[in-house]
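Here is the structure we will look at, set down as structure tokens.
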Amino acid sequence: MKNPREVTRSDVIMMIGIGIVASVVGIALGLWIDWFPAAAATQATSIDTFYDVLIIISVPVFVLVTIIVLFSALRFRVRAGEEELDGPPTHGNTRLEIIWTAIPSIMVTALCVYGASVLSDIDAAKADQIQVTAYAQQFAWDFEYTGTNGNKFLTEQMYVPCKPTTEAAGEGAPCVGRQIKFDIKAVDVIHSFWIPAMRMKQDAVPGIVTHTKVNPIRLGTYPIVCAELCGIGHSIMRSTIHVVTPARYTAWLAAKSAAKTG
Amino acid sequence: MPAQLKTAGWYRAAAFTLLGLAFSFSLTTLIRSLYGYTPLIDGAAITIVSMIAVPFFFLVGLGAFDYWFYWASGRPTRAEDHASHGAHSWRDYFKVNTDHKVIGVQYVCTTFFFMFIGGLMAMMVRAELAAPGSQFVDGQDYNSLFSVHASLMIFLFIVPVFAGLANYVLPLMIGAPDMAFPRLNALSFWLLPIAGTLMTGSFLMPGGAFASGWTAYAPLSTTQPLGQMCFSIGVQFAGASSIATALNFLVTIITMRAPGMSFWRMPLLVWANFATSLLVVIATPFIAASQFFVLLDVALGFHFFDATIGEGRQGNVVMYQHVFWFYSHPAVYIMMLPGFGIVSEIISVKSRKPIFGYRMMAFSLLAIVLLGFTVWAHHMFVSGMQDWIRVPMMITTAIIAVPTGIKIFSWLGTLWKGVIHLDTPMLFALGFLTMFTLGGISGVMLAMVPFDIHVSDTYFIVAHIHYVLFGGSLFTIFAGVYFWFPKMTGRMYNEKLGKIHFWATFVFFNLTFAPMHVIGIQGMPRRVADYADQFAAWNFAISIASFFLGLSSLIFLYNMVNSWRNGKKAESNPYRSLTLEWQVSSPPPIFNFDEIPTVVGGPYEYGVPGAVHAIMGSAKPEPVAAAVGSNTESQEG
Amino acid sequence: MEAASIEAADTSHGHGDHHGPPVAHHSSTVDAQTLGMLLFIVSEIMVFGGFFTAYFFIRIVNGNPWPAEGEELPQLIAGFNTAVLLSSSVTMHWALEAAKHGNRRGMKLGMLATLLLGSTFLTVQINEYVHLGFAPYNSAQASIFYGLTGLHGAHVFIGLTLLLFATVRVFKGHFTPDEHQGIEVPGIYWHFVDVMWVIVYVSVYIL
Numbered sequence: 003m004k005n006p007r008e009v010t011r012s013d014v015i016m017m018i019g020i021g022i023v024a025s026v027v028g029i030a031l032g033l034w035i036d037w038f039p040a041a042a043a044t045q046a047t048s049i050d051t052f053y054d055v056l057i058i059i060s061v062p063v064f065v066l067v068t069i070i071v072l073f074s075a076l077r078f079r080v081r082a083g084e085e086e087l088d089g090p091p092t093h094g095n096t097r098l099e100i101i102w103t104a105i106p107s108i109m110v111t112a113l114c115v116y117g118a119s120v121l122s123d124i125d126a127a128k129a130d131q132i133q134v135t136a137y138a139q140q141f142a143w144d145f146e147y148t149g150t151n152g153n154k155f156l157t158e159q160m161y162v163p164c165k166p167t168t169e170a171a172g173e174g175a176p177c178v179g180r181q182i183k184f185d186i187k188a189v190d191v192i193h194s195f196w197i198p199a200m201r202m203k204q205d206a207v208p209g210i211v212t213h214t215k216v217n218p219i220r221l222g223t224y225p226i227v228c229a230e231l232c233g234i235g236h237s238i239m240r241s242t243i244h245v246v247t248p249a250r251y252t253a254w255l256a257a258k259s260a261a262k263t264g
Numbered sequence: 004m005p006a007q008l009k010t011a012g013w014y015r016a017a018a019f020t021l022l023g024l025a026f027s028f029s030l031t032t033l034i035r036s037l038y039g040y041t042p043l044i045d046g047a048a049i050t051i052v053s054m055i056a057v058p059f060f061f062l063v064g065l066g067a068f069d070y071w072f073y074w075a076s077g078r079p080t081r082a083e084d085h086a087s088h089g090a091h092s093w094r095d096y097f098k099v100n101t102d103h104k105v106i107g108v109q110y111v112c113t114t115f116f117f118m119f120i121g122g123l124m125a126m127m128v129r130a131e132l133a134a135p136g137s138q139f140v141d142g143q144d145y146n147s148l149f150s151v152h153a154s155l156m157i158f159l160f161i162v163p164v165f166a167g168l169a170n171y172v173l174p175l176m177i178g179a180p181d182m183a184f185p186r187l188n189a190l191s192f193w194l195l196p197i198a199g200t201l202m203t204g205s206f207l208m209p210g211g212a213f214a215s216g217w218t219a220y221a222p223l224s225t226t227q228p229l230g231q232m233c234f235s236i237g238v239q240f241a242g243a244s245s246i247a248t249a250l251n252f253l254v255t256i257i258t259m260r261a262p263g264m265s266f267w268r269m270p271l272l273v274w275a276n277f278a279t280s281l282l283v284v285i286a287t288p289f290i291a292a293s294q295f296f297v298l299l300d301v302a303l304g305f306h307f308f309d310a311t312i313g314e315g316r317q318g319n320v321v322m323y324q325h326v327f328w329f330y331s332h333p334a335v336y337i338m339m340l341p342g343f344g345i346v347s348e349i350i351s352v353k354s355r356k357p358i359f360g361y362r363m364m365a366f367s368l369l370a371i372v373l374l375g376f377t378v379w380a381h382h383m384f385v386s387g388m389q390d391w392i393r394v395p396m397m398i399t400t401a402i403i404a405v406p407t408g409i410k411i412f413s414w415l416g417t418l419w420k421g422v423i424h425l426d427t428p429m430l431f432a433l434g435f436l437t438m439f440t441l442g443g444i445s446g447v448m449l450a451m452v453p454f455d456i457h458v459s460d461t462y463f464i465v466a467h468i469h470y471v472l473f474g475g476s477l478f479t480i481f482a483g484v485y486f487w488f489p490k491m492t493g494r495m496y497n498e499k500l501g502k503i504h505f506w507a508t509f510v511f512f513n514l515t516f517a518p519m520h521v522i523g524i525q526g527m528p529r530r531v532a533d534y535a536d537q538f539a540a541w542n543f544a545i546s547i548a549s550f551f552l553g554l555s556s557l558i559f560l561y562n563m564v565n566s567w568r569n570g571k572k573a574e575s576n577p578y579r580s581l582t583l584e585w586q587v588s589s590p591p592p593i594f595n596f597d598e599i600p601t602v603v604g605g606p607y608e609y610g611v612p613g614a615v616h617a618i619m620g621s622a623k624p625e626p627v628a629a630a631v632g633s634n635t636e637s638q639e640g
Numbered sequence: 127m128e129a130a131s132i133e134a135a136d137t138s139h140g141h142g143d144h145h146g147p148p149v150a151h152h153s154s155t156v157d158a159q160t161l162g163m164l165l166f167i168v169s170e171i172m173v174f175g176g177f178f179t180a181y182f183f184i185r186i187v188n189g190n191p192w193p194a195e196g197e198e199l200p201q202l203i204a205g206f207n208t209a210v211l212l213s214s215s216v217t218m219h220w221a222l223e224a225a226k227h228g229n230r231r232g233m234k235l236g237m238l239a240t241l242l243l244g245s246t247f248l249t250v251q252i253n254e255y256v257h258l259g260f261a262p263y264n265s266a267q268a269s270i271f272y273g274l275t276g277l278h279g280a281h282v283f284i285g286l287t288l289l290l291f292a293t294v295r296v297f298k299g300h301f302t303p304d305e306h307q308g309i310e311v312p313g314i315y316w317h318f319v320d321v322m323w324v325i326v327y328v329s330v331y332i333l
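If you're matching them up, the sequences are chains A, B and C in order. Here the first sequence stands for residues 3 to 264, where the numbers follow this note's numbering. Here the second sequence stands for residues 4 to 640, where the numbers follow this note's numbering. Here the third sequence stands for residues 127 to 333, where the numbers follow this note's numbering.
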């Protein structure tokens, strides 16, 4: 009778097979799940792709560990009559240890290189910018624009222009917009300026001015959220960013500027 | 009664507590009158001074300093009479005791007490979050609940429970009769209930408990009501306790190992606590400093974090985060490395195999300690710090996955072809392996700056820390408590209940925390009492799962209490383990060993014919035995 | 200051039923109390490290002038104080050497001189606070100044307390050429306090 503790070639093949299938299913599931809100900026697209890569790399690692744990628990568990049995006295295997040091090192190095390149990508400044100053205070956002007449005005709702690339110019239509550059200031405590749909987040810190940039690519209305605990009203500290057609933006800007002057 | 007030104990402690209150009141009022402040009697000032002073009076009353007073006053220090050593009845657990085994049990019971309080708060948080809108607490109370929950779990449960378990088994494992400084050990323990009382009691403060998260970022924390001081001061006591214990472990490990117990023959739990203690000694002072700053800003009007005081004289807000995370990132390794040690012991014994790559296991611990100090700013990628720091911190953070990976693969190597006993401690150890891998993977994801920009301060972070601290640390704690339960209590736990506990915990843990990854990426920030309707379904499901997770811990509680009282008597070595703590009776004799044993081989030589780790009794190391030791060592890969 | 108790406890060994703990094996040439003190000092250095981080951020990163406008730091008085504290390290060493040679008079004089110099330092420091003309709430720099020097002052106080205990025991006839840890270990701490002062003095007053 075959020794149930023996690991045969077919066992290994079976584990590899199950591992591949599980990884493929896991990756497919990871890519299929609708993790992110709709991408409304080029930054969002880069980060979403990056996340897909992370999923593709992570799932096999988890599958590998889980399969070995499960296989060991099933195959090597103590059976009747084995209560006094000891395992083989293996103390280590230098080659294996080098492999499992080297491969993860290579993997994380590659990830870091990719991560750094995505970072410089999403941080890249464009020549054509709209500058907006965001003021954070307990528990509201204010945005300071430069009006058509050169005067500055404050608004609680953000509007940014984005030129539709298709005929349809409704909610969700693709578009190309100018880069919005935020200077972020905090009046009282630390807040964090976050547009989930654009994936960009930056703390507002008392005493310093922080910056972030987004390049809108999708018409629509998206929440602006405070992501840093700022006190009793933290969860209601929200605002909205409206990505609109250049025509609507110009009209809004003119109205606001006029209201300010008036 | 006067006699009771003279001897160390609870009566004297109560009297001294009153004395301490009177002292704080007079001191504060005296100083205020000298400076001519009005009003003369200021409740807040008195409260803050009391929170600092009264604990010392209490400890003096309880007797934690008696011996040192003898020493300081130049009286001949009494030859050790061991009056305060060992426990003969349950009452002895409520006294200042110098026995590391008693202190270990005191630690574990106290910390689990605070775990249940912290867990209850988590249940209340989940109840509030079960539906959008406001259920039954307002914003401030909600902020208090999760702040106190996190602070208790971190400073009063995970960090000290490991110190407690190690307190019990570490001196036994290295063949020492006690810790190097038994009285300091007792003091370290008694600082804990003080810290816990301060943090839990902060709910009684005017304005409510501290509500700026366990991170207490300035300047939010410096503008909070009085309850915030309970955190700032409570952390000082917990931190002092932590540092003192770590000193004690380091000195014990370095100077009190049994003959023949070289560093390369130490069980990995000892190695793990050696590494952890290094981290504690070096890093913990930084959180002390950060809370000193907050305390000084609030109580004495300092301006460490005031950015509005004027150009050329303003404080720096981001500085708080640098100082805080320089402790608090190493702190996650402080909360994980001892668990690595526990799991190494369990997996080796329960697989009946030597640890795979023992030396690499030890080296990877040290590598984590070193790297642990170079990664703090990965918590600050969106904090407004200098941009150039981000990429170096991303690289160091990602690299730390390598030594951690080595450990995980080495455990898998230990399992492979072993004879696996799938009882409760082993189930928790294997549960830890898989869940911690998930937590590690999401950790590497978070190291990646672009992804972190999106998910920092969201529920993805909440999911990650719970996979690391619950699926990681807490699983190893459960594993360790079940594993050493027979040694600590002399009785066996109920295996069936233990397995039910494991499966309930494992399933509901995943149902609770896995969905948090999704809602985090979808855009739900953390620390919010209310949220957008789109997250309602997920949150409801999470809340229901979390209630079952909470209930599952009651199985554990019942099992522990009932088994301690009525469990089957435990043998001295029910697992046929080689390490020293199992070579003495269960529970061990009052001074651990009659004679210090002699160590002649590695601690995990399972399956090696005739292998012995240590010779009990006064046997002198024979040349043959020494040769066996060097043989087994040379076999290591 | 207590590890010795375990080793010293085996006097009753072999006497009937009373069985003390076994003698712990010494696995290191380093003495437990000295090692404990050194590790504690590592911890203390890190506390100062936290405060120096604050100093670095407020002075260098913020680019604030040092000291803040309208504030002045008395370099000379503090320099005098530095000399006082440094000489107390010498007298401390003298006391320890005296203890090693069994010179009781030297021990007493050395410890008293150290206590006296240390107290002088504290008195001058407090006097300086009184006459500085600015308070911690005047500026972040003032907060750092009071924070760092105050933290150091607290350490001088702790050091003096430890030395006071040792002095009491010296006068009660404790310590022999073989048994003088009670002087040596607080002495290590005292030297640390002195060295730390030099760093604080240079970075706060001079630079």
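C-beta atoms are modelled at their ideal positions from N, C-alpha and C, and glycine is treated no differently. Predicted model, so just to flag it, every value in this text is computed and none were measured.
List the residues of chain B that residue i touches, going by C-beta distances under 8 Å, in chain order.
i         : result
Asn-190/C : Gly-315, Arg-316 and Gln-317
Ala-194/C : Gly-315 and Arg-316
DSSP three-state call for residue i: helix, strand or coil?
i         : result
Gln-140/A : coil
Arg-230/C : helix
Gln-181/A : strand
Asp-460/B : coil
Thr-214/A : strand
Ser-259/A : helix
Thr-41/B  : coil
Trp-585/B : helix
Glu-639/B : In this prediction, Glu-639/B scores a pLDDT of 36, lower than 50, which makes its location untrustworthy; no coordinate-derived value is stated.
Whose Cβ in chain B lies nearer than 7 Å to the Cβ of residue i?
i         : result
Arg-295/C : Gly-77
Gln-307/C : Result: empty, since nearest Cβ-Cβ is about 11 Å, beyond 7 Å.
Ser-187/C : The displayed chain sequence assigns Val, not Ser, to residue 187/C. Ordered by position in chain B, the residues that pass the 7 Å Cβ test against Val-187/C are Asn-319.
Are residue i and residue j close, meaning C-beta to C-beta below 8 Å?
i         : j         : result
His-103/B : Pro-222/B : no
Ala-617/B : Gly-178/B : yes
Ala-199/A : Pro-39/A  : yes
Ala-275/B : Leu-368/B : yes
Gly-442/B : Pro-262/C : no
Am I right that residue i and residue j are in contact with their C-beta atoms under 8 Å? What's the rounded C-beta distance?
i         : j         : result
Val-587/B : Leu-173/B : With a Cβ gap of about 14 Å, Val-587/B and Leu-173/B do not count as contacting.
Leu-289/C : Thr-240/C : 6 Å
Leu-418/B : Val-9/A   : Not really, about 12 Å apart at Cβ, beyond 8 Å.
Got a sec? Which residues, its chain only, sit under 7 Å from residue i by beta carbon, not counting five neighbours each side?
i         : result
Val-105/B : Gly-89, Ala-90, Asp-95 and Tyr-96
Ala-401/B : Val-447 and Ala-450
For residue i, verify whether its CB is less than 7 Å away from any heavy atom of the ligand COA.
i         : result
Val-452/B : Of the ligands one can find in the structure shown there are none, so the ligand COA has no counterpart to examine.
So which residues of chain A does residue i contact, with C-beta pairs closer than 8 Å?
i         : result
Met-438/B : Simply none; closest approach about 10 Å.
Leaving out five residues on either side along the sequence, give the residues of the same chain with a beta carbon under 6 Å from the beta carbon of residue i.
i         : result
Gly-19/A  : none
Ser-265/C : Ala-194
Show which residues of chain C have a CB atom less than 7 Å away from the CB atom of residue i.
i         : result
Asp-536/B : Neighbours of Asp-536/B on chain C: none; closest Cβ ~42 Å, over 7 Å.
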